[in-house]
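Student: Heads up: the sequence shown runs through residues 1 to 635, numbered per the working numbering.
Structure incoming, see below.
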Amino acid sequence: MALIPDDFIQDLLNRVDIVDVVERYLPLKKAGQNYMACCPFHKEKSPSFTVSQTKQFYHCFGCGVHGSALTFVMEHQALSFPEAVRQLAESVGMQVPVSDKPITEEQKKAPGIYDVLKVAFDFYRAQLKTAPAAIEYFKRRGVEGKTAAKFGLGYAPGGDDWQPLKAVYPDYDWNTILAEAGLVIDKEESKRRYDRFRERVMFPIINQRGQVIGFGGRVMGKGEPKYLNSPETPVFTKGRELYGLPQARTAIRDHNRVLVAEGYMDVVMLHQHGVDYAVASLGTACTPEHVRKLLKLADEVVFGFDGDKAGIKAAWRALENSLPEVKDGKELKFLFLPAEHDPDSYVQAFGREQFELLITESALPLSQYLLKELAGQVDLTMEEGRARLVHIARPYLDELTQAPILKLMIGKRLAEMCQLSSAEFASLQAVTAQPKVLEVQAEWGTEPEMQDWQAPQQWQAKPARREPFNRSGGYQRGKSKSWKAEEQRPRLKSAGQYDPVSRALELVLFRPSILLGQEPVELMWPTEGLHGLARAVFAIARQAPDLQGAELLERCRELPNYSRLSRAFSEQRALFEKFDEEDLKVEIANSLSAATQNFSLGSTLSRKEELDTLSASRGLTDEESQEYLALLLRH
1 MALIPDDFIQ
11 DLLNRVDIVD
21 VVERYLPLKK
31 AGQNYMACCP
41 FHKEKSPSFT
51 VSQTKQFYHC
61 FGCGVHGSAL
71 TFVMEHQALS
81 FPEAVRQLAE
91 SVGMQVPVSD
101 KPITEEQKKA
111 PGIYDVLKVA
121 FDFYRAQLKT
131 APAAIEYFKR
141 RGVEGKTAAK
151 FGLGYAPGGD
161 DWQPLKAVYP
171 DYDWNTILAE
181 AGLVIDKEES
191 KRRYDRFRER
201 VMFPIINQRG
211 QVIGFGGRVM
221 GKGEPKYLNS
231 PETPVFTKGR
241 ELYGLPQART
251 AIRDHNRVLV
261 AEGYMDVVML
271 HQHGVDYAVA
281 SLGTACTPEH
291 VRKLLKLADE
301 VVFGFDGDKA
311 GIKAAWRALE
321 NSLPEVKDGK
331 ELKFLFLPAE
341 HDPDSYVQAF
351 GREQFELLIT
361 ESALPLSQYL
371 LKELAGQVDL
381 TMEEGRARLV
391 HIARPYLDEL
401 TQAPILKLMI
411 GKRLAEMCQL
421 SSAEFASLQA
431 VTAQPKVLEV
441 QAEWGTEPEM
451 QDWQAPQQWQ
461 AKPARREPFN
471 RSGGYQRGKS
481 KSWKAEEQRP
491 RLKSAGQYDP
501 VSRALELVLF
511 RPSILLGQEP
521 VELMWPTEGL
531 HGLARAVFAI
541 ARQAPDLQGA
551 ELLERCRELP
561 NYSRLSRAFS
571 EQRALFEKFD
581 EEDLKVEIAN
591 SLSAATQNFS
601 LGSTLSRKEE
611 LDTLSASRGL
621 TDEESQEYLA
631 LLLRH
């Protein structure tokens, strides 16, 4: 596969005018030095989409999309990078050259996977036409032919044939890409290969560029698992993709609303009945990455769940993952269907209008759903119950880092429920508010912070702390981002000002790959408390360093204190994003070193010395104060 040279791409961007490119697709109006329009990537009434002719850059202040003329063509036309380059080059009469540079393994892998997945897609669709049982199944479920075509539904044959795909892959027995794409399973003990999907109706998963990246298969009768999804591959990550999003994108913009359902058939039937802004997660809870993507497309996101225990559990997980992503001006709602229905059956029984009326009348806004569920855990007729409600609600309010107005409104409502005035509630929050690191220490335990102990040579991180800033605002040496002298350059505070284990957790959750090259010093840490939790998270990150932060967080969902991890994920992200890779590597090295120092020194101190250290660093709890007093009296 030939590559397009980088210098050609730069020359192309120098020749095109972004204003001319964007005006081919939407009208622009002059506004000072820039041009304005209503954003083509989300529904809005007043224009917030800005195009800068001087900077050759576009940015939407509503949904946050931004990029160059090339990026705009890719996103607006749903084209691949090479396709967008060719289209843009043709518009200015340039011919796209190719490069003979060697292709990396990753570049070889991804196009190969797309190719084999497309062949499988065509195979499954063709098989559906000659499979009476599958056709009968879809008819029984109410699926029309045009709907099946819209979603590319198909059928994976089975029976006595364990290798149906062999008919379209002559190199079936030795093609490694088939396994990488998740289409086949290799049994090591028997040295035998067979199709992953057999005797199932097939739902192709398609990305925003129209490429098949995976499949979901459902049994037509009894059998387990009912749904079988492609495994994660170099082109498919469940935590990022949403089923039906390419088919729903236009309707989402038109309605300024997106409905997130739980299953493939829910999406298929909702679209067939006119609720064509529906999508579904892919066998996993809705992740922060999903929410972030959806909030860029619409101002209203509705989560539609079955009313059973599983649906309620999924809704709460969606709420937890949504809190750090919510912004003022956006609406998140939670819809629970009647116990005897799911979205599929409800829309078939009552139609689109009744379904949308149900959303309007019954969907709970995030604020109401949050307080309703939390209030159900306490007795609001008792002072103790109201006090507990304030206590358990506070961590969730702290998650609303991007929605200060909503946080204030929920706080006022919470104060009313607990029979407090707004002034009393604000005063209480001010009195009880402490830095997050102290909350973590209080729950997980803390280790004394010592600065004079040196880690063994093999544990010490190679990177040293950065040189101080010079007067111009940049580093005295090393590569980094440039900052104007009059600007206040954001600084990463020394790990010593934080609990180093908490800081290391935040960094790893932000960028799991940051552990690459770092010695596994966490293996020397205790297996309980905060150290134990960090060990578990780091183990997952080291096994799959290519994960994104949101994906790592999702894999840690079953760990103790998951809500704390979720807050750690969102707490410092806005700060970390401003720093380059070298900054972050220095910080993780210092944090791991300090954490290891604390643990090693702490084990040599007497309990009184430990309490002395805690008293100086964060104060003592009532129990610790009593213990300290007893130790003093003993001596």
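We treat Cβ as the ideally placed atom computed from N, Cα and C, and that holds for glycine.
Which same chain residues end up closer than 8 Å to M417 when comparing Cβ atoms and leaving out the 5 residues on each side of it in sequence?
Tutor: The beta carbon of M417 sits closer than 8 Å to those of L371, A375, L380, R386, L389, all from its chain and outside the five residues before and after it, given in chain order.
Student: Return helix, strand or coil for R193, following the three-state DSSP convention.
Tutor: strand
Student: Would you report the Cα separation of K673 and F151, rounded to the nearest angstrom?
Tutor: The chain is shown from 1 up to 635; residue 673 falls before or after that span and cannot be answered.
Student: Specify the secondary structure class of E467 as computed by DSSP and reduced to three states.
Tutor: Residue placement at E467 is poorly supported in this model, since its pLDDT is 36, which falls under 50; the coordinates are not used for a value here.
Student: What would DSSP say about H66, mapped onto helix, strand or coil?
Tutor: strand
Student: Are the Cβ atoms of Y114 and Q208 separated by less than 8 Å?
Tutor: no
Student: According to the Cβ coordinates, are E325 and R292 closer than 8 Å?
Tutor: yes
Student: DSSP beta-bridge partners for V697?
Tutor: The requested residue 697 does not occur in the structure, where the chain is confined to residues 1 to 635.
Student: With a cut-off of 8 Å on the beta carbons, I'd call R15 and V85 a contact; round off their distance for me.
Tutor: Not really, about 12 Å apart at Cβ, beyond 8 Å.
Student: To test your reading of the DSSP string, which unbroken beta strand (DSSP E) runs of 3 or more residues are found completely within the region 322 to 355?
Tutor: 331 to 336
Student: Report the rounded CA-to-CA distance for K238 versus H341, giving the unit in angstroms.
Tutor: 26 Å
Student: Are the beta-carbon atoms belonging to Y264 and Y277 less than 8 Å from one another?
Tutor: no
Student: Answer yes if the region 121 to 138 comes into contact with the region 48 to 64, meaning at least three C-beta pairs across the two stretches below 8 Å, and no otherwise.
Tutor: Inter-segment contact for the region 48 to 64 and the region 121 to 138 is absent: fewer than three beta-carbon pairs are separated by less than 8 Å.
Student: Quick one: using the 10 Å Cβ neighbour count with 16 as the cut-off for buried, is R471 buried or exposed?
Tutor: At R471, the pLDDT of 32 sits below 50, so the modelled position is not reliable; the number obtained from the coordinates is stated separately. Counting of Cβ neighbours within 10 angstroms places R471 among the exposed residues, the total staying below 16.
Student: Starting from M269, trace the beta strand (DSSP E) both ways and give me its first and last residue.
Tutor: Note, M269: premise wrong, no beta strand (DSSP E); alpha helix (DSSP H) at 264 to 272.
Student: Rounded to whole angstroms, what's the CA-CA distance from N590 to S563? Just pull it up for me.
Tutor: 26 Å
Student: What's the C-alpha gap between A134 and F203?
Tutor: Cα to Cα, the separation comes out at about 12 Å.
Student: Please report the straight-line C-alpha distance between E23 and W174, rounded to a whole angstrom.
Tutor: 50 Å
Student: Are E554 and T360 closer than 8 Å when you measure CB to CB?
Tutor: no
Student: Would you identify the three-state DSSP class for A403, choosing helix, strand or coil?
Tutor: coil
Student: In chain order, what residues of the same chain have a beta carbon less than 7 Å from the beta carbon of F197, not counting five sequence neighbours either side?
Tutor: A156, F215, G217, L228
Student: Whole angstroms is fine: what's the gap from V258's alpha carbon to F121's?
Tutor: 27 Å
Student: Can you tell me the Cα-Cα spacing of I4 and A541, whole angstroms?
Tutor: 34 Å
Student: Measuring only the C-alpha atoms, how far is A298 from Q272?
Tutor: 21 Å
Student: From what residue to what residue does the beta strand (DSSP E) around I185 run?
Tutor: Per DSSP, I185 belongs to the beta strand (DSSP E) from 184 to 187.
Student: By Cβ distance below 7 Å, which residues in the same chain neighbour Y396 in space, the five residues on each side in sequence not counted?
Tutor: L323, L370
Student: Expressed to the nearest angstrom, what Euclidean distance is found between the alpha-carbon atoms of L428 and L366?
Tutor: 24 Å
Student: Where do the N-terminal and C-terminal ends of the beta strand (DSSP E) with F41 fall, by residue?
Tutor: No beta strand (DSSP E) contains F41, which DSSP labels as neither H nor E.
Student: Tell me the DSSP secondary structure of F8 in three-state form.
Tutor: helix
Student: Pick out whichever of Y172, V260, M220, T71 has its Cα sitting closest to the Cα of R192.
Tutor: Of the listed residues, the one whose Cα sits closest to R192 is Y172.
Student: Taking just the CA atoms, how far does R557 sit from D161?
Tutor: Here the C-alpha atom of D161 lies approximately 38 Å from the C-alpha atom of R557.
Student: So, using beta-carbon positions, are A568 and P500 closer together than 8 Å?
Tutor: no
Student: Output yes or no for whether 8 Å exceeds the beta carbon distance between A363 and K327.
Tutor: No, the pair does not count as a contact, with Cβ atoms beyond the cut-off.
Student: Drop a sphere of 10 angstroms on the beta-carbon of L26, count the other beta-carbons inside from all chains shown, and report buried for 16 or more, exposed for fewer.
Tutor: exposed
Student: Taking the C-alpha atoms as reference points, what is the distance between G223 and E180?
Tutor: 26 Å
Student: Can you tell me whether L523 is buried or exposed, with buried defined as 16 or more other CB within 10 angstroms of its CB?
Tutor: exposed
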